[in-house]
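Peer 1:
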Amino acid sequence: MLTYTNIRYKDLPKELRRNALKPSEIRIFFTDKQLLREFLHTYIIEFLDNPRRRLRTLDLNFIDVSAITNFDFLFSALDSLDQFDDPYTLYRIGIPINLLIDVSNWDTSKVTSMVATFGYTSFAGDISRWDVSQVTDMSYMFAHNDYFRGDLSHWDVSKVKSMRGMFYYASEFRDGISNWDVSQVTNMEKMFNSAIRFNCDLSRWNVSQVTNMRDMFNYASMFTSDLSQWDISKVRDMAYMFKCAYKFNSDLSQWEVSQVEDMREMFCFAYDFNSDLSQWKVSRIPSMRAMFCGAKNFKGDLSKWDVSNVEDMSLMFRDARRFNSDLSQWNVARVTNMEEMFSGARQFKSDLSQWNVSNVRNMRAMFQEAIYFNCNLSNWNTAKVKDLSSMFKQAKRFNGDLSSWDVSKVINFSYMFCQATRFNKNLNSWSPSHGKDFSYMFYQASNFNKELNNWNMSKARNLSYMFYQAKSFNQDLSCWKVSEVRKMDYMFYGATSFNQDLNAWYTSKVRSMVSMFEEAENFNGNLSRWYVYSVKNMESMFYGAKSFNGDLSQWSVNNVRNMESMFEGAINFNSDLSNWSVGKVENMSRMFFGASKFNCNLKWWHLKSAKQVSAIFTGSGITSNNIENWQDQLTEKKYKRLFK
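With the working numbering applied, the sequence shown has no gaps in its numbers, which climb one by one up to 896 at the end.
#1: Could you have a look at isoleucine 259 and say whether DSSP puts it in helix, strand or coil?
#2: CA-CA distance, serine 786 and lysine 761?
#3: Please tell me whether arginine 541 and glutamate 563 are closer than 7 angstroms, where the distance is taken between their beta carbons.
#4: Is leucine 254 buried or exposed, if buried means 16 or more other CB atoms sit within 10 Å of its CB?
#5: Return the CA-CA distance between asparagine 676 and glutamate 736, expressed in angstroms with no decimal places.
#6: For lysine 362, which residues in the same chain have their Cβ closer than 6 angstroms to its Cβ, ignoring the five residues on either side in sequence?
#7: I need the straight-line Cα distance from serine 683 to aspartate 653, nearest angstrom please.
#8: Just to confirm the assignment, what range does the beta strand (DSSP E) spanning arginine 279 have?
#9: Using the rule of at least 16 other Cβ atoms within 10 Å of the residue's Cβ for burial, across every protein chain shown, is asparagine 397 buried or exposed?
#10: Going along the chain, which residues of its own chain have a beta-carbon closer than 6 angstroms to the beta-carbon of alanine 622, five neighbours each way excluded?
#11: Under 6 angstroms Cβ to Cβ from serine 833, same chain only, skipping five residues before and after it: list those, please.
#12: Going by DSSP in three states, threonine 373 sits in which element: helix, strand or coil?
#13: Could you please give the first and the last residue of the uninterrupted alpha helix (DSSP H) stretch that includes leucine 754?
#14: Inspect the beta-carbon positions of phenylalanine 519 and alanine 547 and report whether they are closer than 7 angstroms.
#15: Would glutamine 727 pass as a contact of glutamine 696 if the rule is Cβ separation under 7 angstroms?
#16: Report the rounded CA-to-CA distance for asparagine 789 versus glutamate 816, giving the unit in angstroms.
#17: What residues match up with leucine 900 in a beta bridge as DSSP calls it?
#18: Taking only three categories from DSSP, how would you classify glutamine 864?
#19: Grouping DSSP H, G and I as helix and E and B as strand, with all else coil, what is lysine 285?
#20: What did DSSP end up calling leucine 342 once you bin it into helix, strand or coil?
#21: Look at the alpha carbon of asparagine 706 and the alpha carbon of serine 660, and state the distance between them as a whole number of angstroms.
#22: Using the Cβ count rule (16 or more neighbours within 10 Å means buried), how would you classify aspartate 741?
#23: Quick test of your reading: serine 710 and lysine 739, contact by CB under 8 angstroms. State the CB separation rounded to the nearest angstrom.
#24: List the DSSP bridge partners of lysine 739.
#25: In the DSSP assignment, find the unbroken alpha helix (DSSP H) run with glutamate 888 in it and report its ends.
#26: Where threonine 887 and glutamine 671 are concerned, what is the direct C-alpha to C-alpha distance, given to the nearest angstrom?
#27: Express the C-alpha separation of arginine 488 and methionine 443 in angstroms, rounding to a whole number.
#28: Is the beta carbon of arginine 416 sitting closer than 7 angstroms to the one on serine 380?
#29: Going by Cα to Cα distance, which pick from Ile280, Arg344 and Ile353 is closest to isoleucine 297?
#30: Taking only three categories from DSSP, how would you classify asparagine 839?
#31: Glutamate 513 and serine 485: beta carbons closer than 7 angstroms?
#32: At 4 residues or longer, and completely inside the segment 420-451: list those alpha helix (DSSP H) runs for me, N to C.
#33: Quick check on aspartate 571: buried or exposed, where buried means 16 or more other Cβ atoms within 10 Å of its Cβ?
#34: Could you pull the DSSP bridge partners for asparagine 464 from this structure?
#35: In angstroms, rounded to a whole number, what distance separates the CA positions of leucine 326 and aspartate 558?
#36: Go ahead and label tyrosine 667 buried or exposed: buried means 16 or more other beta carbons lie within 10 angstroms of its beta carbon, across all protein chains shown.
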């Protein structure tokens with residue numbers, strides 16, 4: 253038998269390199285791990301990735317590794333653990349290394365570290381007889397291995413301290429490790445993360461030394477084991493632990509979590525989870541962000557939780573559709589972020605009237621789709637809040653008194669009462685002096701009709717859709733200072749009751765008024781002094797505004813490009829537009845369609861940019877003498893389309 257020690261594959265005699273090496277004919281001893289790794293990669297590529305030499309299985313039992321103590325990254329194409337979490341690196345490297353190999357007889361009795369040994373490979377061989385009794389680190393050992401599902405039931409892992417990411421994205425690994433002695437392990441972070449078929453009984457595991465369980469069962473979507481007897485008293489980090497463990501619903505009521513400092517997204521999208529957590533001691537937790545987000549069956553009692561150190565509760569119960577625990581006694585004085593906290597928590601209706609929210613900066617979408625919520629929040633101190641957007645969006649039963657709220661620092665009010673169909677409380681005492689975005693604020697708030705004339709709108713930029721289909725609203729807004737507003741699209745669309753004088757509005761910076769008064773059937777306010785020089789789009793502005801007949805004769809529409817359907821269906825409109833400069837308008841189609849009373853003199857309009865003119869006057873009252881010069885500006889084909 254031929255023997256070699258620490259040799260590179262290229263240095264073997266040429267005749268040996270013609271065919272795969274056989275354990276019965278050659279023995280190669282390695283004491284140098286780096287040389288071993290180099291030999292393996294060269295040899296494997298030569299015989300497994302070479303189309304001319306590809307074998308079914310490559311027998312590597314001719315290699316003697318009995319002197320090697322470190323197997324880190326031995327077969328992996330990667331070189332560092334950071335690369336396992338970097339999708340760009342994995343994409344660049346491409347398909348995991350082809351690893352149809354037999355290493356079943358390797359003597360691994362001296363190996364102390366197996367970090368990423370088979371990470372990012374296709375290894376699926378038998379290593380059931382490997383002696384791993386001296387190994388202390390198995391981090392990422394099978395990470396990103398989509399093939400391995402071998403028998404590891406007899407492995408002695410009693411000295412292992414880190415199993416971090418051991419089966420991370422090992423999508424075929426399922427079970428067989430229920431009897432492992434993990435009593436020395438301190439780190440189980442990402443251990444079964446994205447091991448989507450893993451569902452082994454781990455009920456007897458001794459995890460008393462573990463301090464890190466972050467991401468442990470994240471996306472272990474089939475995992476259902478009973479963990480009720482686990483001693484997790486030393487664990488500090490449980491963030492993302494059961495995130496997307498869709499079927500997990502073990503009893504965790506007796507867990508001692510008093511040392512845990514991070515529970516972010518712990519049960520996020522754990523659809524079936526509904527264990528009793530009422531006695532958990534969570535006083536060290538600074539963040540509960542998305543802790544029960546998407547836990548659609550969770551309805552546990554959390555009334556006694558000490559949350560006095562929590563600063564972030566954003567998304568905490570988002571889409572926890574059955575959750576309705578009494579949280580009235582919670583001390584939330586340190587919380588700064590409540591964004592989407594109860595968004596989609598459809599059953600939630602707890603009394604929060606005594607909450608101290610004086611440090612909260614963000615309440616965006618806090619009660620969005622909390623369809624039963626109608627708590628008294630009148631005493632809340634909102635002086636530090638900057639974002640109230642979507643706060644009560646689709647909170648269909650909410651009609652609480654918010655008149656005493658301090659909104660002086662709020663910048664974003666968009667969607668705040670969108671589709672809050674019952675809301676109709678006085679907000680006139682508010683001073684939204686820093687508000688910039690009011691878009692969709694009362695969108696389809698069909699009952700709202702309270703005074704807003706005291707509002708300071710001096711910094712407002714966006715008013716689009718603000719009163720869209722707010723069918724009851726008809727309040728005086730003449731005092732609003734809108735000089736900084738850029739967008740008024742759909743502002744009063746379908747606001748069928750609205751009919752106020754807005755003539756004092758200074759609209760010089762508005763660029764778009766698309767459908768602003770569309771279907772505002774009763775609107776006939778005075779707009780004669782509006783300065784619209786910056787507006788480029790007036791499409792459907794008065795579409796279906798059946799009552800409107802305001803004087804627009806002095807409007808400077810010099811920069812408008814689109815007037816499509818501008819007065820379509822405005823059956824009473826007949827203002828003098830003879831002096832309008834429409835030289836830049838490209839689209840006039842259906843502009844006066846159905847405006848049956850309109851018969852203004854437009855003969856001096858210059859149509860040099862008009863491209864779309866079809867059906868401009870269909871159903872209108874225009875007579876041919878009022879457009880007698882148009883025939884000279886348009887082709888015969890376009891002219892005929894004016895009434896079609």
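Cβ atoms here follow ideal geometry from the backbone N, Cα and C, with glycine treated the same way.
Peer 2: The short version:
#1: Coil.
#2: So the two alpha carbons sit approximately 6 angstroms from each other.
#3: In terms of Cβ geometry, arginine 541 and glutamate 563 do not form a close pair [threshold 7 angstroms].
#4: By the 10 Å Cβ count, leucine 254 comes out exposed.
#5: Cα to Cα, the separation comes out at about 28 angstroms.
#6: If the five residues before and after lysine 362 are omitted, its C-beta is found closer than 6 angstroms to the C-beta atoms of Thr321, all from its own chain and listed in chain order.
#7: Distance between the alpha carbons of serine 683 and aspartate 653: 16 angstroms.
#8: Element bounds for arginine 279: 278-281.
#9: So asparagine 397 counts as buried.
#10: If we look at alanine 622 and ignore the five residues flanking it on each side, its Cβ neighbours are Phe594, Ala597, Phe600 and Ala647.
#11: Cβ-Cβ distances below 6 angstroms link serine 833 to Asn810 in the same chain, with the five nearest sequence neighbours on each side left out; the list follows chain order.
#12: Correct three-state label for threonine 373: strand.
#13: Premise fails: leucine 754 is in no alpha helix (DSSP H) and is neither H nor E.
#14: Yes, Cβ-Cβ distance for phenylalanine 519 and alanine 547 is below 7 angstroms.
#15: Glutamine 727 places its beta carbon 7 angstroms or farther from that of glutamine 696.
#16: Cα to Cα, asparagine 789 sits roughly 9 angstroms from glutamate 816.
#17: The structure shown has nothing for residue 900, since the chain only spans 253 to 896.
#18: Secondary structure at glutamine 864: strand, using DSSP grouped into helix, strand and coil.
#19: Residue state, collapsed to three classes: helix.
#20: In the three-state scheme derived from DSSP, where H, G and I count as helix and E and B as strand, leucine 342 is classed as helix.
#21: For the pair asparagine 706 and serine 660, the Cα-to-Cα distance works out to about 13 angstroms.
#22: Under this definition aspartate 741 is a buried residue.
#23: Lysine 739 and serine 710 do not touch by the CB rule: their CB atoms are close to 16 angstroms apart, not below 8 angstroms.
#24: Lysine 739 is bridged to Asn714 and Ser764.
#25: Annotation: the continuous alpha helix (DSSP H) that includes glutamate 888 extends over 888-893.
#26: Taking the straight line joining both Cα atoms gives about 48 angstroms.
#27: Approximately 16 angstroms between the Cα atoms of the pair.
#28: Pairing arginine 416 with serine 380 gives a Cβ-Cβ distance that is not under 7 angstroms.
#29: Answer by Cα proximity: Ile353.
#30: Asparagine 839 falls in the strand class under three-state DSSP.
#31: No; because the gap between Cβ atoms is not below 7 angstroms, this pair is not in contact.
#32: Complete alpha helix (DSSP H) runs here, min 4: none at all.
#33: Buried, because 16 or more other Cβ atoms sit within 10 Å of the Cβ of aspartate 571.
#34: Its beta-bridge partners are Asn439 and Asp489.
#35: Roughly 48 angstroms separates the two Cα atoms.
#36: Looking at its Cβ environment, which holds 16 or more other Cβ atoms inside 10 Å, tyrosine 667 is buried.
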